[in-house]
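Engineer: Per UniProt numbering, the sequence shown starts with residue 1, numbered consecutively.
Don't be surprised by glycine CBs; every beta carbon is placed ideally from N, CA and C.
Would you mind keeping the following structure in view while I ask a few things?
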Amino acid sequence: MDIIQCYAPTNESDADDKEEFYSTLLTIIQARLRRNIIITMGDFNAKIGSNNWGYEEIVGQQALKETPRLEEFKISHSNKFQVLQELLEEETIDEKWQGIKEAVTSTCQGVLGTKKHSHKKWISAETLKKIEMRKKKAAINNSRTRAGKAKAQEEYSEANRTIKRNLRADERNYMETLAAEAEEAAHHGNMRDLYATIKKLSGKYS
1 MDIIQCYAPT NESDADDKEE FYSTLLTIIQ ARLRRNIIIT MGDFNAKIGS
51 NNWGYEEIVG QQALKETPRL EEFKISHSNK FQVLQELLEE ETIDEKWQGI
101 KEAVTSTCQG VLGTKKHSHK KWISAETLKK IEMRKKKAAI NNSRTRAGKA
151 KAQEEYSEAN RTIKRNLRAD ERNYMETLAA EAEEAAHHGN MRDLYATIKK
201 LSGKYS
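Below you can see the structure in the form of structure tokens.
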């Protein structure tokens with residue numbers, strides 16, 4: 001399929017220009033006529049006014065426009081895109097990706113909600129509190145400036161490092177507690193508790 005998009009000269013144009021336009025258009029159509037489907041589209045009205053009586057299916061109703069108003073809209077529209085482009089150019093690739101990721105994540109959470117997860121028993125209440133604070137930091141990071149994003153990212157990274165340290169400490173304390181329980185069960189000859197505790201220590205604890 002070939003699509004020919006063009007804009008015909010108006011009636012006020014020079015006769016040679018109009019003749020050249022239609023001659024060129026005819027040549028292009030004839031060159032492709034046997035090979036493909038051709039769709040010719042554009043402004044062929046070539047007149048000013050709204051009277052298209054008798055030609056409704058091929059000629060649209062055209063009238064004089066408020067050019068200053070259109071130019072004002074064009075300038076306003078252009079300025080908005082320029083500001084947006086400047087904003088995008090100030091961001092790095094990582095910052096752009098973070099913005100997209102946050103937009104998708106927050107939208108999904110708002111529409112679909114979040115799945116409730118059961119936390120591992122060995123995670124302390126203090127660590128769970130820090131995890132919740134980290135989630136809030138990620139959710140409220142709506143800053144669009146580079147400095148604001150850098151600060152928010154640093155705060156999130158620091159919270160993430162703190163949580164990892166706390167999780168390692170919680171797991172170590174939990175395993176030490178299990179080891180003490182196993183020793184106590186063995187000392188009293190309680191084989192059932194001893195086996196259950198050893199099973200947890202082997203890595204199958206929850």
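How is the beta strand (DSSP E) around Ile-37 delimited, first residue to last?
Structural biologist: Walking along the sequence shown from the start, residue 37 turns up at place 37. Unbroken run through Ile-37: none, as it is neither H nor E.
Engineer: Please check the pair Ala-180 and Leu-201, which I expect to be a contact at CB under 8 Å, by giving their CB distance rounded to whole angstroms.
Structural biologist: Within the sequence shown, residue 180 is the residue found at index 180, counting from 1. Within the sequence shown, residue 201 is the residue found at index 201, counting from 1. Contact flag wrong, Cβ pair sits at about 11 Å.
Engineer: Would you mind working out which of Lys-199, Ala-182 and Ile-3 sits nearest Ile-38, comparing C-alpha positions?
Structural biologist: Walking along the sequence shown from the start, residue 38 turns up at place 38. Ile-38 has its Cα closest to that of Ile-3, out of Lys-199, Ala-182 and Ile-3.
Engineer: Is DSSP giving Leu-2 helix, strand or coil here?
Structural biologist: One-based indexing of the sequence shown puts residue 2 at position 2. In the sequence under discussion, the amino acid at residue 2 is Asp, which differs from the Leu named in the question. Looking at Asp-2 - three-state DSSP - the assignment turns out to be strand.
Engineer: Please report the straight-line C-alpha distance between Lys-96 and Lys-18, rounded to a whole angstrom.
Structural biologist: Mapped onto the sequence shown, residue 96 falls at position 96. Mapped onto the sequence shown, residue 18 falls at position 18. About 49 Å.
Engineer: Run through the DSSP bridge pairs and tell me what Tyr-7 is partnered with.
Structural biologist: Locating residue 7 in the sequence shown gives position 7, counting from the first residue. Answer is Asp-43.
Engineer: Consult DSSP for Thr-197 and reduce its assignment to one of helix, strand or coil.
Structural biologist: Mapped onto the sequence shown, residue 197 falls at position 197. Looking at Thr-197 - three-state DSSP - the assignment turns out to be helix.
Engineer: Do Tyr-195 and Trp-122 have their CB atoms nearer than 7 Å?
Structural biologist: By one-based count along the sequence shown, residue 195 stands at place 195. By one-based count along the sequence shown, residue 122 stands at place 122. For the pair Tyr-195 and Trp-122, the CB atoms are not nearer than the 7 Å cut-off.
Engineer: From which residue to which residue does the alpha helix (DSSP H) around Ser-23 run?
Structural biologist: For the purposes of this step, residue 23 is taken as the residue at position 23 of the sequence shown. 15 to 32 is the extent of the alpha helix (DSSP H) around Ser-23.
Engineer: How many whole angstroms separate the CB atoms of Ala-8 and Asp-43, which I take to be in contact at a CB cut-off of 8 Å?
Structural biologist: In the sequence shown, counting from the first residue as 1, residue 8 sits at position 8. In the sequence shown, counting from the first residue as 1, residue 43 sits at position 43. That pair is a contact at about 6 Å.
Engineer: Taking the C-alpha atoms as reference points, what is the distance between Ala-186 and Glu-102?
Structural biologist: The residue you call residue 186 lines up with position 186 of the sequence shown. The residue you call residue 102 lines up with position 102 of the sequence shown. For Ala-186 and Glu-102, the distance between alpha carbons rounds to 52 Å.
Engineer: Between the C-alpha atoms of Gln-153 and Thr-40, what's the straight-line distance to the nearest angstrom?
Structural biologist: Residue mapping note: residue 153 aligns to position 153 of the sequence shown, counting from 1. Residue mapping note: residue 40 aligns to position 40 of the sequence shown, counting from 1. Cα-Cα distance, rounded: 53 Å.
Engineer: Could you tell me if Thr-107 is buried or exposed, where buried requires 16 or more neighbouring beta carbons within 10 angstroms of its beta carbon?
Structural biologist: Translated into the one-based positions of the sequence shown, residue 107 becomes position 107. Exposed.
Engineer: So for Asn-173, helix, strand or coil by DSSP?
Structural biologist: The sequence position of residue 173 within the sequence shown is 173, counting from 1. Asn-173 falls in the helix class under three-state DSSP.
Engineer: With a threshold of 16 other CB atoms inside 10 Å of the CB of Thr-105, please say whether the residue is buried or exposed.
Structural biologist: Here residue 105 refers to the residue found at position 105 of the sequence shown. The residue is exposed, with fewer than 16 neighbouring Cβ atoms inside 10 Å.
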